[in-house]
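In the working numbering, the protein residues as written are 43 to 216. Glycine is no exception: its CB is placed at the ideal position from the N, C-alpha and C atoms. What you are looking at is a predicted structure, and each value in this text was computed from that prediction instead of being measured. Written out below as structure tokens is the structure these notes cover.
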Ligand SMILES: Cc1cc2nc3c(=O)[nH]c(=O)nc-3n(C[C@H](O)[C@H](O)[C@H](O)COP(=O)(O)O)c2cc1C
């Protein structure tokens, strides 16, 4: 599959069958994150892989609203960054998240971006404080997002050419 086909196929998958995810596949997803471009090549991110089901259950409280994916996924990758290293850590982490999400899809895995930055946890704290406390993340680090991973159940249809909003593209001036 070429890259554009992979991009048409990529969807957020929030339901998983409970089937195992191969360690090798998780490693491939991590490689995609580590290959992400970063401002000045500083690579301020770190990735915390969570395989423990009990930890995943607890992590599901990191956000208000529906983050049920964390209760049924096989694995999650928390993306954090040391904000002292760069002022573009948000962009750097986002590139890594997007790369990993796309790679997961290309491997046939289901995955979903769970926003943590600027969001609230179930206990009234910020999602960031909740996650930092729970995972013993050092004070200087910021938490961007969590990628849930699992075998997909009922993946949404792939995008087609008709879904592309070319009216959002401008040439030479707005
Ligand atoms: C910055 C960002 C934050 C997101 N946060 C969440 C989230 O917290 N929970 C969730 O279920 N999906 C989240 N998503 C997934 C979007 O809802 C999803 O990408 C969008 O609805 C389009 O669907 P698609 O990914 O299948 O194309 C997020 C995506 C991005 C890029």
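Beta-carbon proximity check, residue i vs residue j, cutoff 8 Å
{"i": "residue 182", "j": "residue 129", "result": "no"}
{"i": "residue 121", "j": "residue 104", "result": "no"}
{"i": "residue 77", "j": "residue 141", "result": "yes"}
{"i": "residue 70", "j": "residue 195", "result": "no"}
{"i": "residue 132", "j": "residue 170", "result": "no"}
{"i": "residue 97", "j": "residue 68", "result": "no"}
{"i": "residue 102", "j": "residue 110", "result": "yes"}
Residue nearest to residue i in terms of C-alpha spacing, selected from the options
{"i": "residue 114", "options": "193, 214, 208", "result": "193"}
{"i": "residue 51", "options": "143, 209, 120", "result": "143"}
{"i": "residue 164", "options": "92, 213, 107, 202", "result": "107"}
{"i": "residue 63", "options": "116, 156, 79, 216", "result": "116"}
{"i": "residue 137", "options": "202, 81, 209, 174", "result": "81"}
{"i": "residue 161", "options": "184, 204, 72, 207", "result": "184"}
Local Cβ density within 10 Å of residue i, reported as buried at 16 or more and exposed below that
{"i": "residue 152", "result": "buried"}
{"i": "residue 145", "result": "buried"}
{"i": "residue 61", "result": "exposed"}
{"i": "residue 191", "result": "buried"}
{"i": "residue 86", "result": "buried"}
{"i": "residue 112", "result": "buried"}
{"i": "residue 6", "result": "One cannot answer for residue 6 here, as it falls past the ends of the chain, which runs 43 to 216."}
{"i": "residue 79", "result": "exposed"}
{"i": "residue 95", "result": "exposed"}
Same chain only: Cβ atoms within 6 Å of residue i, ignoring 5 sequence neighbours per side
{"i": "residue 45", "result": "none"}
{"i": "residue 84", "result": "127, 128"}
{"i": "residue 148", "result": "48"}
{"i": "residue 74", "result": "141, 142, 145"}
{"i": "residue 200", "result": "50, 51"}
Sequence-distant residues of its chain with Cβ nearer than 7 Å to residue i (five each side left out)
{"i": "residue 197", "result": "53, 55, 152"}
{"i": "residue 99", "result": "113"}
Continuous alpha helix (DSSP H) stretch holding residue i: start and end
{"i": "residue 75", "result": "65 to 76"}
{"i": "residue 99", "result": "95 to 101"}
{"i": "residue 54", "result": "Neither: residue 54 is in no alpha helix (DSSP H) and is coded neither H nor E."}
Host beta strand (DSSP E) of residue i (start-end)
{"i": "residue 124", "result": "117 to 124"}
{"i": "residue 90", "result": "87 to 92"}
{"i": "residue 113", "result": "From DSSP, residue 113 is part of no beta strand (DSSP E) but of the alpha helix (DSSP H) over 111 to 114."}
{"i": "residue 184", "result": "183 to 192"}
Original post:
Around ligand 2, which residues pass a check of Cβ closer than 6 Å to any of its heavy atoms?
Top reply: In the structure on display, ligand 2 does not appear, and the ligands it does have are ligand 1.
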